[in-house]
Structures are given as structure tokens and as C-alpha cells.
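Just so we're aligned: the sequence shown equals residues 1 to 416 in UniProt numbering. For glycine and all other residues, C-beta sits at the position ideal for the given N, C-alpha and C. What you are looking at is a predicted structure, and each value in this text was computed from that prediction instead of being measured. See structure below.
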Amino acid sequence: MDHFNYQDGQLFAEQTAVAELAAQYGTPLYIYSRATIERHFQAFEAAAGDHPHLVCYAVKANSNIAVLNVLARLGAGFDIVSAGELARVVEAGGDPSKVVFSGVAKTADEMAYALELGIHCFNVESSQELDRLNQVAGEMGKIAPVSIRVNPDVDAKTHPYISTGLKENKFGIAIAEAPATYAKAASLPNLNVVGVDCHIGSQLTDIAPFIDALDRLLALIDNLAEQGIKIRHLDVGGGLGVTYDDETPPHPEAYASALRERLADRPELLLVFEPGRAIMANAGILVTEVEYLKPGEEKNFAIVDAAMNDLIRPSLYSAWQAIVPVKPRTDVPEAIYDIVGPICETGDFLGKDRSLAIDQGDLLVVRSAGAYGFTMSSNYNSRPRAAELMVDGSDAHLIRARETRESLWQGEAVLP
Ligand code: LLP
1 MDHFNYQDGQ LFAEQTAVAE LAAQYGTPLY IYSRATIERH FQAFEAAAGD HPHLVCYAVK
61 ANSNIAVLNV LARLGAGFDI VSAGELARVV EAGGDPSKVV FSGVAKTADE MAYALELGIH
121 CFNVESSQEL DRLNQVAGEM GKIAPVSIRV NPDVDAKTHP YISTGLKENK FGIAIAEAPA
181 TYAKAASLPN LNVVGVDCHI GSQLTDIAPF IDALDRLLAL IDNLAEQGIK IRHLDVGGGL
241 GVTYDDETPP HPEAYASALR ERLADRPELL LVFEPGRAIM ANAGILVTEV EYLKPGEEKN
301 FAIVDAAMND LIRPSLYSAW QAIVPVKPRT DVPEAIYDIV GPICETGDFL GKDRSLAIDQ
361 GDLLVVRSAG AYGFTMSSNY NSRPRAAELM VDGSDAHLIR ARETRESLWQ GEAVLP
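Below you can see the structure in the form of C-alpha cells.
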């Protein structure tokens, strides 16, 4: 559930009319709803119940410091994949001791920065990474807390680009090799083995793969205990899907209670979640204006001022996101449109074959754009990136200014 609803014939973000925000801040424009973000985070908190847990929001989904700050105020932890994301968490007032550091290619510099800040855990993805972390920690006179990302070889049944838990994927360590890798980690003097983690993919709409993965990790934890390696936390990753169209993903409550059931006799095991999309996707929209309608023999195009550089999911994953008018109208005929952007690529579309009653100058909204929207945006075609707003009841806060033309060449230089 989100807080983008129609009232009196037009779309509102909480108590603010989207059309007014577009008039004031221009388009393309990302708008996030604080109440929705909080609601989604609390759903995970409530679902985890009294089992010891830590909800580490996956920063990659939306890394604006205002978003991170709203979550930090609720006590969230954070899942990061770079020093840049960690710096954002710190800037936003997040607690480094609640940070887990994922990612396949952590550099020595990134490790040192995270060790200095005292993060909760490094989610290590390869044997060589263990050696590097052991060395960096040793040089700093520190002990690095370590979890090993295990690839449980479970088919998440999602888009191949966002499926991560199969043998063929680059992520994690094959579950069969995990005991040996743990033995190595335990033998390294500057590492402290504390956890097991996995992340099998994103936009999962079924509980079964999560449970399969969990069962494999629990068996591994028992096996490690026999080797004398005591695991204190189990990080189940992110991946819970959301409704873009007619998907019916499990509610966090159903998801977490299925996990909790399996952990009932292990109250000592801290349960870590890394949700990104489930918290942010439906907490954000992208507002865009129709520049031109271009009827064609085969296709009608609605050419809008947002493009694949603003929201790449449709182009990259053929992702479907709802596109709705800010002010629905009946005075123009409905037609089937491809909603396309100004970029010089055939793949630049936000939606295809959408039935809309629209005219030039109308405002449209791409829904479910709060996750993997702005964070995946670029300046392709020298397009300044969109502004970002957060609404909070009847207040709207500019949380990232629209980029200027001059900012496009910031850091560049011509030859002398
Ligand atoms: N933890 C790890 C280690 C991850 O790699 C990811 C996402 C998450 C947590 C958060 O997953 P979520 O709860 O958001 O599903 N750009 C793609 C999604 C890529 C996901 C990458 N990893 C998209 O727009 O669909």
C-alpha cells in the first residue's frame, strides 16, 4: 500500500497535489512519500516480531540521504555495496555498527574505511577476499567481523539479470565449498567469523525459494557447529518482490513468519534482512510531461520529457511499470500509445501499448519508481538528472536539486 492516491479527480502524493509539485519543481521529477517508506520499513520490523533481528535497508535501491535519514531515524541498519554508499549512510546519520557490506569486489581502501567506522559485518564473496580483508585488518590492528555469502543454488524464478543464487552466477561461494571456506576464514588471525548470508535474487513473488535457501543455510550452520565454528547471525538478503502490475508477492508478514517458524528453536540466531525494493519501489513515482503526441500508422507515440536515463528499468529488463495520468480526462479519445523519451535509442521507452486519454502538455506518472529509479539514472544524451522531492503530509521537501547544464561537465577540462 502506498500514499499516491486520486482525490477530486487528480493524483496526490500524501496530502499534496502532484500537479502543483510539478508546476513548482518542473519535470521529470521523482517524488517519494515519507509515510510509505516508514510504513514499509515498519512492516518488516513488525513481521520480525520478537525474534532478534536487524533490518538492513539495501542502499542501492534508493540512496538519497533524505531516504536514508528517514530510515535511520527508525533504527534501520543498512546493506551497502561500496564505500560511497557507506559514506552516504554516515552522512545521513545512519549507525555504522548496523551496516553489512555486500559486493563481489571490495577494494582494500573500502575495507579500511569500513573497518575504521566499525561496521557490523563484511559479507565476503570469495576466498581471495578473505585474504585481502585479513591483511587490511591486520595492518590496522583490527579484527574484521565476517560472514560468507553462500550461493545456495536455488532458482529464484525471476528475471535472469536479477537472479543471483544459481551456480552460474558470479555471486557468493558455492554451498558445497562453504565448509572449507569457513575453515579457512576461522584460521585467519584477523577475522572473526560471525555470520552466514545469501541473496538469491530480486523481485521474488513466491516464498518457496527463500525457504529452500534458508533450509540449506541452516544445514550449513549445523555442519559448521560440528566443525566448532559458531554462527551468530543469519542474513537472508533482500529480494522480496512488489506489485508492479498483477504480481501478488507475499506480504513481509507472511515472508518473515515463514522464516521465523524455521528459526523458532534458534532464538540465539540474529536474523538479518536486506530489503531494498520492498521498502522503496512503491514509495516513489516519476512525474513526466507529454511533449508531443505523434500518431503513426503502426504505433502512436506519446513523447515525454523523462527517458531511459531517468528510469532505465523498462529498457534494461523489459520491466513493466504502471503509467497513469495525473489528471484523468474524458474530453479526448483514448488511444494506445508507446510512452517514449527524447533519447536517440529505439530502446528508450517507459511503457508500451498503454491505453491513455491524453493530450500534449498533460502530466503522466510512472508508478513504483522509488527503487532502482534515480539510483540507476545517468546523464546520457547530456540530460541533467531529475530533481527529487520527499512529501511528508502536506509538506514537500526538495531532497535533490535538478542538475544544471553547467553541472554536466563538472570535473571535465579542455586541453591547454
Ligand atoms: N542484498 C544484496 C546483496 C543485493 O544484491 C540486493 C540487490 C539486495 C540486497 C536488495 O534486493 P531487493 O530487496 O531490492 O530485491 N536493478 C534491478 C534490481 C537489482 C538488485 C540487485 N541486488 C531492478 O531494477 O530490478
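Residue i: beta carbon under 8 Å from a heavy atom of the ligand LLP?
i, result
"residue 81", "yes"
"residue 295", "no"
"residue 277", "yes"
"residue 237", "yes"
"residue 308", "no"
"residue 203", "yes"
"residue 105", "no"
"residue 151", "no"
"residue 240", "yes"
"residue 376", "yes"
"residue 129", "no"
"residue 371", "yes"
"residue 313", "yes"
"residue 123", "yes"
"residue 32", "no"
"residue 168", "no"
"residue 144", "no"
"residue 102", "yes"
"residue 58", "yes"
"residue 251", "no"
"residue 319", "yes"
If I measure Cβ to Cβ from residue i and keep anything under 7 Å in the same chain, skipping five residues before and after, which residues do I get?
i, result
"residue 193", "146, 182, 185, 186, 229"
"residue 91", "65"
"residue 310", "28, 286, 377, 386"
"residue 281", "242, 368, 370, 371"
"residue 402", "26, 384, 386, 387"
"residue 400", "64, 387, 388"
How is residue i classed by DSSP in three states: helix, strand or coil?
i, result
"residue 300", "strand"
"residue 388", "strand"
"residue 209", "helix"
"residue 216", "helix"
"residue 325", "strand"
"residue 402", "coil"
"residue 314", "helix"
"residue 74", "coil"
"residue 200", "coil"
"residue 146", "strand"
"residue 259", "helix"
"residue 229", "coil"
"residue 64", "coil"
"residue 137", "helix"
"residue 155", "coil"
"residue 415", "coil"
"residue 306", "coil"
"residue 55", "strand"
"residue 338", "strand"
"residue 222", "helix"
Looking only at its chain, what residues have a beta carbon closer than 8 Å to the beta carbon of residue i, apart from the 5 residues adjacent to it on each side?
i, result
"residue 59", "68, 78, 79, 80, 81, 85, 88, 89, 276"
"residue 41", "55, 57, 71, 74, 76, 279"
"residue 6", "12, 328"
"residue 115", "136, 137, 140, 142, 144"
"residue 262", "211, 214, 215, 218"
"residue 320", "244, 245, 314, 351"
"residue 291", "303, 304, 305, 342, 360"
"residue 132", "106, 108, 111"
"residue 349", "308, 314, 315, 338, 339, 340, 341"
Quick one: measure Cβ to Cβ for residue i and residue j, integer angstroms, because I've assumed they're closer than 8 Å.
i, j, result
"residue 333", "residue 303", "Actually they do not touch by this definition, with Cβ atoms about 18 Å apart."
"residue 383", "residue 307", "7 Å"
"residue 394", "residue 15", "4 Å"
"residue 3", "residue 35", "5 Å"
"residue 19", "residue 363", "6 Å"
"residue 224", "residue 231", "6 Å"
"residue 154", "residue 189", "Not quite, the Cβ-Cβ distance comes to about 34 Å (not below 8 Å), so this is no contact."
"residue 170", "residue 104", "6 Å"
"residue 196", "residue 150", "6 Å"
"residue 356", "residue 337", "6 Å"
Which residues in the same chain as residue i place their Cβ atom closer than 6 Å to its Cβ, once the five residues preceding and following it in sequence are excluded?
i, result
"residue 253", "47"
"residue 397", "390"
"residue 288", "27, 28, 304, 305, 306, 364"
"residue 323", "339, 351, 354, 364, 366"
"residue 256", "47, 48"
Within the 9 Å Cβ cut-off, does residue i reach chain D?
i, result
"residue 263", "The displayed structure is made up of one protein chain only, and chain D is not part of it."
Which ranges would you report for the alpha helix (DSSP H) in the region 17-46 if only whole runs of at least 4 residues count?
Segments of the alpha helix (DSSP H) lying fully in the region 17-46: 18-25.
Which runs of the beta strand (DSSP E) fall wholly inside the region 342-382 and span at least 3 residues, in chain order?
DSSP assignment within the region 342-382 yields the following whole beta strand (DSSP E) runs of 3 residues or more, N-terminal first: 349-356, 363-366.
As an exercise, report each continuous beta strand (DSSP E) stretch of at least 3 residues that is fully enclosed by the region 76-132, in chain order.
Counting only runs of at least 3 residues, the region 76-132 fully encloses the following beta strand (DSSP E) elements, listed from N- to C-terminal order: 77-80, 99-101, 121-124.
Which runs of the beta strand (DSSP E) spanning at least 3 residues fall entirely within the region 269-300, listed in chain order?
Complete beta strand (DSSP E) runs here, min 3: 270-273, 284-295.
Minimum length 4: unbroken alpha helix (DSSP H) runs contained in the region 165-191
As summarised for the region 165-191, the continuous alpha helix (DSSP H) elements at least 4 residues long and confined to that stretch are 178-187, given in chain order.
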